[in-house]
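Each remark here refers to the structure printed beneath this line.
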Amino acid sequence: MNSYWEEERKNHDLFEEIKEDKKVSVCIIGGGLTGLQTAYNLSDKLDVVILEKDRICGSTSGKTTGKITSQHGVFYDYLINSQSKEFAKMYLEANEKAIQNIKDIIEKEEIECDLEEESSYVFTKQETKLDMIKNEQKAVDKLQKEKSDYVKEIELPTEISGAIEFKNQAQFHPLKYAYGLAKAIIKNDGKIYENTKVTDIKRENEKYVVYANKNKVIADYVVLATRYPIMNVPGYYFLKMYQSTSYAMVFDAKKKLFDGMYISYETPNVSFRTIRDGDRELLLAVGYDYKTGTEELRDGYQRLEVIVRKMYPDAEVLYKWTAEDCISLDKIPYIGQYSSIMKNLYIATGFNKWGVTSSNVAANIITDKILQKENKYEEIFKSTRIEPIKNRQEMGDMLKEANKSILLSRFKIPKEELDNIKIGEGKIIKIDNTKVGVYKSKTGEIYKVKPICTHLGCELYFNNIEKIWECPCHGSKFTYDGKSIEVPSNKDLKTF
Ligand SMILES: Cc1cc2nc3c(=O)[nH]c(=O)nc-3n(C[C@H](O)[C@H](O)[C@H](O)COP(=O)(O)OP(=O)(O)OC[C@H]3O[C@@H](n4cnc5c(N)ncnc54)[C@H](O)[C@@H]3O)c2cc1C
């Protein structure tokens, strides 16, 4: 499902796909915000290409909420407790700098991307959670005086118990920003290839050979900006992350909206912002996330509608979509070298749904690494950290889910027969001792796939709302007929 932001593509031509072998300094795999900002930083200094399997921002960056903020939920109290005050201070500073850096790029490149300065708020409706909000505000105050305020009232028309406000944050149109970056990259003689899927990366003679669309790109440096790394080893990021999907809806509220950007502290949370759409203002609501590939919260759209209609009873739904992001177990992104034994290969992942600023932080760290400059934030996001997995509960849950899926594929034998599958439904059945993922389309066609993820072999789950196969282990997604649509899987499913 396309997002509201993706309407912007109508104003831009497709970048051609790669058709010849190339030799470059830097090959960036993935044209989301991470890939584009890294290419932007480097394209006036080095020879850079972006290889994008779909369209630029065809995945999460084109489906984001587009808040540019260092307020990553209620987070800084956790960071101080799990890391240190100095660490939390650096994290805040890095993300505040990213906000300024994005603003500077927009100004320098004259990108018209509906940038609006706003305050950002986390609010709670529950008195019992008020202490957490107050603690967070005190924690932020220790890191940067006058960054935040504790407030009792907000403009969002809903009753709250309290909120924490971050001042001088912003929101934008992510696709307009992305196309502005792309224009600047091309101006600097960088190259962007769309519909160019990378299928392999090899190390040969101190260089990397990147295989895409039957062509080779030979590069000194490679940046894996695919959100979830498309290589499993030796990075082992699949042991340190999972993916979470959120629902998003755009409404015409038929009423004057609010200033500010909001997110609730409740679990699952809901996030709100306005969108300037010509003469009118629209409401974007995002939330009700679930771990990709699990049965939780399949009614996210209905829930979002209910919550918005409580505030705006006449609201009309204009767009809806879902999107996922990588969640790192210690809630801190992984940025830097992909593995300590693979020189000049870089990674940026685990943005925990706060990748608008984190992708900018990542682009700057990776740029400095390639240009052999110091970056004071490198250490706190260090991608090769192995210790500590502070969040043992999440680690346990993730491994349990992965084991369950692998065990399910070995021992649970579904009894359903092909004929019992309803129109528009998908499920796993057993035919001649082989498990088959079957989807029956609205017109009755049957699509059969091997329901085993091509990433690491977990059994897939059929999402009957979106009609796609999802992996509960690491969040890969496939169309009902088996085409790989979301990383980490990079290969289509086998079909029968
Ligand atoms: C619903 C939702 C709302 C969010 N809202 C916010 C927000 O308000 N503020 C905020 O800070 N963050 C937000 N985030 C997080 C943020 O949007 C993401 O972290 C960020 O966009 C990730 O950017 P990326 O470039 O790393 O990944 P992506 O945008 O996913 O880009 C990766 C690219 O790699 C390409 N690719 C994958 N495999 C290959 C291959 N084999 N060959 C070539 N290309 C490949 C993909 O097609 C894709 O275009 C949100 C996330 C979600 C899910």
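So the sequence shown is numbered by our numbering: it starts at 5 and just counts up by one.
Note that beta-carbon positions come from the ideal geometry of N, C-alpha and C, so glycine has one too.
Small disclaimer: the values here were computed from a predicted structure and weren't measured.
Outcome for residue i when other beta-carbon atoms lying within 10 angstroms are tallied against a minimum of 16
i: E65; result: The sequence given here has Ser at residue 65, not Glu. Label assigned to S65: buried.
i: P492; result: buried
i: M253; result: buried
i: L411; result: Since pLDDT at L411 reaches only 48, below the 50 mark, its modelled position is unreliable, and the value read off the structure follows with that caveat. Burial call: exposed.
i: F415; result: Only weak support is given to the placement of F415: the predicted model assigns it a pLDDT of 40, under 50, and the question is left unresolved by the model.
i: L185; result: buried
i: E111; result: exposed
i: L287; result: buried
i: P392; result: At P392 the pLDDT is 45, less than 50, meaning the model places this residue with poor confidence; the figure from the coordinates comes in the next sentence. So P392 counts as exposed.
i: I512; result: Since the displayed the chain opens at 5 and closes at 500, residue 512 lies outside it and no answer follows.
i: Q306; result: exposed
i: I417; result: Any reading at I417 must be qualified, since the residue scores a pLDDT of 41, below 50, and its modelled position is unreliable; the value itself is stated next. With fewer than 16 other Cβ atoms within 10 Å, it is exposed.
i: T132; result: exposed
i: P317; result: exposed
i: P337; result: buried
i: N437; result: exposed
i: D334; result: buried
i: L18; result: exposed
i: N422; result: In the sequence as presented, Asn is not what sits at residue 422; that position holds Leu. It counts as exposed.
i: E210; result: exposed
Own chain, CB closer than 6 angstroms to residue i, minus 5 neighbours either side, in chain order
i: S88; result: none
i: N364; result: Q41, A102, N105 and I106
i: H16; result: Y183
i: N199; result: E21
i: K57; result: K201
i: A143; result: Y80, D81 and I84
i: V213; result: K206, K220 and I222
i: Y298; result: The question names Tyr, yet the displayed sequence has Thr at residue 298. These residues qualify, in order along the chain: P476.
i: N45; result: A367 and T371
i: E474; result: T296, G297, Y465, N467 and K481
i: I137; result: T128, G166 and I168
i: H76; result: W358
i: I189; result: A43, Y44 and S47
Proximity of residue i and residue j at Cβ, strictly below 7 angstroms
i: E490; j: K498; result: no
i: K67; j: W358; result: no
i: I345; j: P233; result: no
i: Y294; j: E300; result: yes
i: E163; j: Y125; result: no
i: K129; j: M265; result: no
i: R277; j: T458; result: no
i: V78; j: V52; result: no
i: A229; j: G461; result: no
i: I432; j: P455; result: yes
i: Q2; j: T73; result: Coverage of the chain is limited to positions 5 through 500, which leaves residue 2 absent and any answer about it impossible.
i: S47; j: N192; result: yes
i: V321; j: F255; result: yes
i: V155; j: L349; result: no
i: F242; j: E159; result: no
i: Y8; j: Y292; result: no
i: T388; j: N99; result: no
8 angstroms CB neighbourhood of residue i in its chain, flanking five on each side removed
i: N468; result: R302, G428, E429 and G430
i: D502; result: One cannot answer for residue 502 here, as it falls past the ends of the chain, which runs 5 to 500.
i: K93; result: L147 and Q148
Beta-ladder partner(s) of residue i, from DSSP
i: W358; result: Looking at the DSSP assignment, W358 forms no beta bridge with any residue, so it has no partner.
i: L18; result: L18 pairs with nothing; no bridge assigned.
i: W325; result: A252
i: Y451; result: Y443
i: N3; result: With the chain covering only 5 through 500, there is no way to say anything about residue 3.
i: R284; result: D281
i: D153; result: E169
i: K373; result: Looking at the DSSP assignment, K373 forms no beta bridge with any residue, so it has no partner.
i: L349; result: V226
i: S343; result: M346
i: A174; result: I72 and E121
i: E208; result: K211
i: G502; result: The structure shown does not extend to residue 502, since the chain is modelled only from 5 to 500, so the question has no answer here.
i: D31; result: Residue 31 is actually Cys in this sequence, not Asp. According to DSSP, which records beta bridges pairwise, C31 is partnered with V53 and V226.
Cβ-based neighbour list, residue i, same chain, cut-off 7 angstroms, excluding 5 preceding and 5 following
i: A216; result: I22, L55, T200, K201, V202 and T203
i: D118; result: F176, H177, K180 and R280
i: E382; result: G340 and I369
i: K146; result: K89
i: N6; result: W325
i: C330; result: R231, Y232, M245, Q247, T353, G354 and F355
i: K446; result: I427 and G428
i: E10; result: G66 and L179
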